[in-house]
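For the sequence shown, this note's numbering assigns the number 356 to the initial residue and increments by one for each residue that follows.
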Amino acid sequence: MPVGAIPFPFGDCRICNDKATGVHYGVATCEGCKGFFRRSIPKGEKYKCFFGGQCVISPQNRNRCKACRFKKCLDTGMAIDGMIFQILHSKSC
């Protein structure tokens with residue numbers, strides 16, 4: 356089982372509405388949104404929306420706008436601090 360996942364169903368992903376696989380970084384998410392959030396933090400990239408910041412994030416189009424997807428991750432409560440701690444901890448072990 357992935358680190359940080361709680362082993363029972365959580366309904367829909369709070370980011371894209373796909374099937375949630377557990378609570379990841381404080382929010383019930385699917386594996387795709389969990390991985391997207393995990394990969395977005397170390398890069399430190401500044402994503403930009405070309406559609407006015409109003410993109411609808413769904414399982415079919417969640418890869419189209421990284422800016423709106425990342426914003427939704429933060430707005431729903433995914434924790435950057437916890438992510439940074441996990442990265443630092445895994446590098447020191």
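All residues carry an ideal CB built from backbone N, CA and C; glycine is no exception.
A quick note: this is a predicted structure, and the numbers were derived from the prediction, not measured.
Checklist line | Buried versus exposed, by CB contacts within 10 Å (16 or more), F405 | finding: exposed
Margin query: Can you check which of these residues, P364, V378, N418, D373, is closest to S395 by C-alpha distance?
Written below: N418
Notebook entry, point to check: Buried or exposed: K389, going by 16 or more other Cβ atoms within 10 Å of its Cβ?
Noted result: buried
Note to self: Let's see if you can read the secondary structure: which residues bound the beta strand (DSSP E) around A375?
What the structure shows: Looking at the DSSP string, A375 is not in any beta strand (DSSP E), and its letter there is neither H nor E.
Item checked: Span of the alpha helix (DSSP H) around A422 -> 421-430
Check: What does DSSP give as the partner residues of D367 in its beta bridges?
Finding: K374
Notebook entry, point to check: Roughly how many whole angstroms lie between the Cα atoms of H408 and P364?
Noted result: The displayed chain sequence assigns Gly, not His, to residue 408. Looking at the two C-alpha atoms, the distance is approximately 31 Å.
Margin query: Residues in the same chain with beta-carbon distance under 6 Å from P414, minus the five sequence neighbours each way, listed in chain order, please.
Written below: C371, D373
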